[in-house]
Amino acid sequence: MSAIVTIGIDLAKNVFAVHGVDATGKSALVRPSVPRGKLLELIAALPPCLIGVEACSGTHHWARELCLSYIFSGMADE
Numbered sequence: 100m101s102a103i104v105t106i107g108i109d110l111a112k113n114v115f116a117v118h119g120v121d122a123t124g125k126s127a128l129v130r131p132s133v134p135r136g137k138l139l140e141l142i143a144a145l146p147p148c149l150i151g152v153e154a155c156s157g158t159h160h161w162a163r164e165l166c167l168s169y170i171f172s173g174m175a176d177e
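Structural data, given as structure tokens:
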């Protein structure tokens with residue numbers, strides 16, 4: 100697996116989509132269906148990197164959970 104430098108997470112109610120890319124922008128991690136209870140386990144197994152998520156009601160919760168070893172960025176939906 101290539102070194103993942105950026106992860107995008109599509110937050111939803113129970114199942115999340117996770118997509119990670121390497122420094123060249125190539126897909127290095129694609130998980131279209133990650134249960135809520137397994138998200139932290141998946142992220143903890145990865146090296147520290149930039150994590151981007153859409154701004155929604157759950158963004159602040161996940162920012163607190165993920166910001167310990169990762170750079171977290173919430174983005175406005177458009």
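Numbered by the numbering used here, the letters in the sequence shown go through residues 100 to 177 in order. Where a beta carbon is used, it is the ideal one built from N, C-alpha and C, also for glycine.
With fewer than 16 other beta carbons inside 10 angstroms of its own, Leu139 counts as exposed.
When C-beta atoms of the region 129 to 136 are compared with those of the region 149 to 166, fewer than three pairs fall below 8 Å, so the two segments do not count as touching. Distance between Thr123 and Glu153, taken at the CA atoms: about 23 Å. The region 121 to 156 contains, as complete beta strand (DSSP E) runs of 3+ residues, the segments 126 to 134, 149 to 153 (chain order).
Contact check for Leu141 against Val117 passes: the beta carbons are separated by less than 8 Å.
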